[in-house]
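Engineer:
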Amino acid sequence: QRVALVRANLKGHDLGAASEDIDGMIRSLNIPSDFAVDLAGQNREMALSFKSLRFALLLAIFLIYLVMASQFESLLHPFVIMFTIPLALIGVVFSLLLTGNALSVVVFIGLIMLVGIVVNNAIVLIDYINRLRRKGMAKLEAVKEAGQVRLRPILMTTLTTALGLLPLALGLGEGAEVRSPMAITVIGGLLVSTMLTLVVIPVV
Numbered sequence: 087q088r089v090a091l092v093r094a095n096l097k098g099h100d101l102g103a104a105s106e107d108i109d110g111m112i113r114s115l116n117i118p119s120d121f122a123v124d125l126a127g128q129n130r131e132m133a134l135s136f137k138s139l140r141f142a143l144l145l146a147i148f149l150i151y152l153v154m155a156s157q158f159e160s161l162l163h164p165f166v167i168m169f170t171i172p173l174a175l176i177g178v179v180f181s182l183l184l185t186g187n188a189l190s191v192v193v194f195i196g197l198i199m200l201v202g203i204v205v206n207n208a209i210v211l212i213d214y215i216n217r218l219r220r221k222g223m224a225k226l227e228a229v230k231e232a233g234q235v236r237l238r239p240i241l242m243t244t245l246t247t248a249l250g251l252l253p254l255a256l257g258l259g260e261g262a263e264v265r266s267p268m269a270i271t272v273i274g275g276l277l278v279s280t281m282l283t284l285v286v287i288p289v290v
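Its first residue numbered 87, the sequence shown is counted upward by one per residue in the numbering used here.
(1) Given isoleucine 287, which residues of its chain have a CB within under 8 Å of its CB, disregarding the five upstream and five downstream residues?
(2) So, for aspartate 124: in the same chain, excluding its five sequence neighbours on each side, which residues have a beta-carbon less than 6 Å away from its beta-carbon?
(3) Could you work out which residue in Pro172, Ile198, Gly233 and Asp107 is closest to phenylalanine 136 when comparing CA atoms only?
(4) In whole angstroms, give me the CA-to-CA distance for proline 253 and isoleucine 270.
(5) With distances taken Cα to Cα, identify the nearest neighbour of leucine 237 among Leu276, Ala228, Ser266 and Leu284.
(6) Please classify asparagine 95 as buried or exposed, where buried requires at least 16 neighbouring CB atoms within 10 angstroms.
(7) Compute the beta-carbon to beta-carbon distance between glycine 177 and glycine 274, rounded to the nearest angstrom, for a pair I have assumed lies under 8 Å.
(8) Compute the Euclidean distance between the alpha carbons of arginine 220 and tyrosine 214, then round it to the nearest angstrom.
(9) Whose CA, out of Val235, Ser119, Val272 and Ile108, lies closest to the CA of valine 204?
(10) Can you tell which of Glu106, Arg113, Val264 and Val201 has the C-alpha that lies nearest to the C-alpha of isoleucine 150?
(11) Determine the contact status of asparagine 206 and threonine 243, defining contact as a CB-CB distance below 8 Å.
(12) State the start and end residues of the unbroken alpha helix (DSSP H) segment that holds valine 204.
(13) State the DSSP-derived secondary structure class of isoleucine 117, mapped to helix, strand or coil.
(14) Since arginine 93 is in the alpha helix (DSSP H), which residue starts that stretch and which ends it?
(15) Less than 8 Å separating the beta-carbons of methionine 268 and glycine 186?
(16) Does arginine 140 pass the burial test, meaning 16 or more other C-beta atoms within 10 Å, or should it be called exposed?
Given below as structure tokens:
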């Protein structure tokens, strides 16, 4: 079987977007049925990395849930806290669209980091609500009190984390184009998750 190899290097484009462009061009061609086109090299390695990172993301979510379930001695409260993860994903999608970044291995690593970060705000809020409830306060009053008391610490934690990652997101320094999407992922997910957490989690 004859094989023709076409090699190329990327400059100014990420691998995922370039692979999608090439796939689109290949589909637009009338390739005979006895011909086969396969994208190999780093594209194949990236596909394998995505599989590993998807498993790592699910494992991280599961382990976080187990830790919270053991600490809260409840299956319900950790489940409520886990609502912050899909809220964070909304921020990730918007931040990637606004900055023009595609889903990549670095973004996935940022997602795994984000899963461990975004639950902290909800933990602080739920823990304080539970503390007030144990003192005999009514549920609605406990939610209002916790929202007021924990608002400032939650906002301070979010802002310090986001500002700490800002230099990476701005692409400062050598090799920043690799690190920037990861920082953008964490910042976008964290900011949106924090705003929605203060509204959604007490309601849930």
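C-beta: ideal position from N, C-alpha, C; glycine also. Note that the coordinates shown come from a computational prediction; the quantities given were computed from them, not determined experimentally.
Structural biologist: Concretely, from the data shown:
(1) Residue numbering aside, residue 287 sits at position 201 when the sequence shown is read from its first letter. Contacts found: Val166, Ile167, Phe169, Thr170, Ala208, Leu211 and Ile212.
(2) Position 38 of the sequence shown holds residue 124. If we look at aspartate 124 and ignore the five residues flanking it on each side, it has no Cβ neighbours.
(3) On the sequence shown, position 50 is the one that residue 136 refers to. The candidate whose alpha carbon is nearest that of phenylalanine 136 is Ile198.
(4) Residue 253 sits at position 167 when you count from the first residue of the sequence shown. Residue 270 sits at position 184 when you count from the first residue of the sequence shown. C-alpha separation (whole angstroms): 10 Å.
(5) Taking the sequence shown and counting its residues from 1, the one referred to as residue 237 is at position 151. Nearest of Leu276, Ala228, Ser266 and Leu284 to leucine 237, Cα basis: Leu284.
(6) The residue labelled residue 95 in the question sits at position 9 within the sequence shown. Label assigned to asparagine 95: exposed.
(7) As a first step, residue 177 must be located in the sequence shown, where it is residue number 91. As a first step, residue 274 must be located in the sequence shown, where it is residue number 188. So it is a contact: roughly 4 Å between Cβ atoms.
(8) As a first step, residue 220 must be located in the sequence shown, where it is residue number 134. As a first step, residue 214 must be located in the sequence shown, where it is residue number 128. Distance between the alpha carbons of arginine 220 and tyrosine 214 is about 10 Å.
(9) Along the sequence shown, read from residue 1 onward, the residue named residue 204 stands at position 118. Looking at the Cα atoms, Val272 is the closest of the given residues.
(10) The residue labelled residue 150 in the question sits at position 64 within the sequence shown. Of Glu106, Arg113, Val264 and Val201, the residue nearest in Cα terms is Val201.
(11) Position 120 of the sequence shown, counting from 1, holds the residue named residue 206. Position 157 of the sequence shown, counting from 1, holds the residue named residue 243. Cβ distance < 8 Å, so asparagine 206 and threonine 243 count as in contact.
(12) Counting from one through the sequence shown, the residue named residue 204 turns up at place 118. Per DSSP, valine 204 belongs to the alpha helix (DSSP H) from 191-220.
(13) As a first step, residue 117 must be located in the sequence shown, where it is residue number 31. Residue state, collapsed to three classes: coil.
(14) To locate residue 93, count along the sequence shown from 1; it is residue 7. No alpha helix (DSSP H) holds arginine 93; DSSP gives it neither H nor E.
(15) Here residue 268 corresponds to residue number 182 of the sequence shown, with the count starting at 1. Here residue 186 corresponds to residue number 100 of the sequence shown, with the count starting at 1. No, Cβ-Cβ distance for methionine 268 and glycine 186 is not below 8 Å.
(16) The residue given as residue 140 occupies position 54 in the sequence shown. That one is exposed.
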